[in-house]
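Working notes for the structure below.
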């Protein structure tokens, strides 16, 4: 059964799509079977995976609105080693059309339930806003990874996002929780970065990943070549950081299972 992880932040420009693409590739590099779901009409995760959003026969729109299956829509990221449910501008129409459908917030969940035995991990790239697409991502997910920059305004946006996650958990997805907070575009030379990072760690404790994602030119260049950074430059600091993040996430999951076994909950 797949672990379904939404990557979300209502603030744009925080490395959300970069994280989705590169975490997918890093998990795939550990021989995990991975599905990336692009829910953003901009289709950046699709293009960054080497799939042409302008040449799609089907997109995630067809899953959400037309009821197509994952098997009918998925594409292979040859550069990343994982499958993609791609997105393009057509997905914008899904927001409006979903409003007329029954169980509109559960459309993605229902599609993934049929296919989850095919994968170890499903990573869901949510749009940088709270809309019906993001709601579908949060309802389908087991947990949420929040990428964020260590700056003042990011803290304000984080409060709003946590409120949203709590509302979804209390109403339509009671198991939803915050998997972790990921510090992106990290520059330890910046005093504000260090101050905000310390505030995060003091407030959220172990939910803040030890791994940080640095500002890295190769990481910024890779999407223009339709590649995750580990395919573009595996030795770069950005590639090494996302490989470390994948390792940290996998270790955390193993620790949770071990604890459950030890306490007789599994």
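In the working numbering, the protein residues as written are -1 to 264. In this text, a Cβ means the ideal position worked out from N, Cα and C, and glycines have one as well. Values in this document were obtained by computation on a predicted structure and should not be read as measured data.
To which residues of the same chain is residue i closer than 6 Å at the C-beta, ignoring the five residues directly before and after it?
i: residue 60; result: 66 and 71
i: residue 4; result: 122, 124, 135, 136, 139 and 142
i: residue 31; result: 117 and 118
i: residue 199; result: 206
i: residue 41; result: 51, 85 and 86
i: residue 132; result: 124 and 125
i: residue 162; result: 128
Exposed or buried, what is residue i when buried is set at 16 or more other beta-carbons lying within 10 Å of its beta-carbon?
i: residue 130; result: buried
i: residue 52; result: exposed
i: residue 183; result: buried
i: residue 69; result: exposed
i: residue 10; result: exposed
i: residue 252; result: exposed
i: residue 73; result: buried
i: residue 240; result: buried
i: residue 186; result: exposed
i: residue 112; result: exposed
i: residue 93; result: buried
i: residue 46; result: buried
i: residue 81; result: buried
i: residue 103; result: buried
i: residue 249; result: exposed
i: residue 155; result: buried
i: residue 127; result: exposed
i: residue 100; result: exposed
i: residue 157; result: exposed
i: residue 177; result: buried
i: residue 190; result: exposed
i: residue 168; result: exposed
i: residue 270; result: Since the first residue of the chain shown is -1 and the last is 264, residue 270 is not available in this structure.
Within a Cβ cutoff of 7 Å, which residues of the same chain sit near residue i, ignoring the five residues on either side of it in sequence?
i: residue 195; result: 148 and 181
i: residue 214; result: 234, 235 and 236
i: residue 90; result: 39
i: residue 13; result: 145, 182, 183 and 211
i: residue 242; result: 209
i: residue 192; result: 186
i: residue 95; result: 63
i: residue 54; result: 84 and 86
i: residue 43; result: 15, 18, 19, 34, 36 and 123
i: residue 231; result: 216 and 237
i: residue 88; result: 57 and 59
i: residue 25; result: 32, 119 and 244
i: residue 202; result: 179
What distance in whole Å lies between the Cβ atoms of residue j and residue i, which are believed to be in contact at a cut-off of 8 Å?
i: residue 205; j: residue 179; result: 6 Å
i: residue 159; j: residue 7; result: 6 Å
i: residue 85; j: residue 37; result: 6 Å
i: residue 20; j: residue 170; result: Going by Cβ atoms, the distance from residue 20 to residue 170 rounds to 29 Å, so no, they are not a contact pair.
With which residues is residue i paired in a DSSP beta bridge?
i: residue 3; result: 121 and 141
i: residue 178; result: 143
So, for residue i: in the same chain, excluding its five sequence neighbours on each side, which residues have a beta-carbon less than 8 Å away from its beta-carbon?
i: residue 229; result: 23, 77, 78 and 220
i: residue 107; result: 134, 137 and 138
i: residue 114; result: -1, 0, 2 and 120
i: residue 28; result: 244, 245 and 248
i: residue 225; result: 46, 48, 77 and 78
i: residue 197; result: 153
i: residue 97; result: 130
i: residue 166; result: 133, 136, 137 and 174
So does residue i have its beta carbon nearer than 7 Å to some heavy atom of the ligand NAP?
i: residue 232; result: With respect to the ligand NAP, the structure shown offers nothing to examine, as it has no ligands at all.
| request: Would you list, in sequence order, the uninterrupted beta strand (DSSP E) runs of no fewer than 3 residues that lie entirely inside the stretch 5 to 87? | output: 32 to 36, 73 to 75 and 80 to 83
| task | Run through the stretch 122 to 175 for me and flag every whole alpha helix (DSSP H) of 4 or more residues, listed as ranges in chain order. | result | 130 to 138 and 150 to 169
| In chain order, which alpha helix (DSSP H) runs of at least 4 residues are fully inside the stretch 181 to 238? | 189 to 202, 215 to 219 and 227 to 230
| task | Write down every uninterrupted run of the alpha helix (DSSP H) in the stretch 92 to 116 whose length is 4 residues or greater and which is fully enclosed by it, in chain order. | result | Taken in chain order, the whole alpha helix (DSSP H) runs of length 4 or more contained in the stretch 92 to 116 are 105 to 113.
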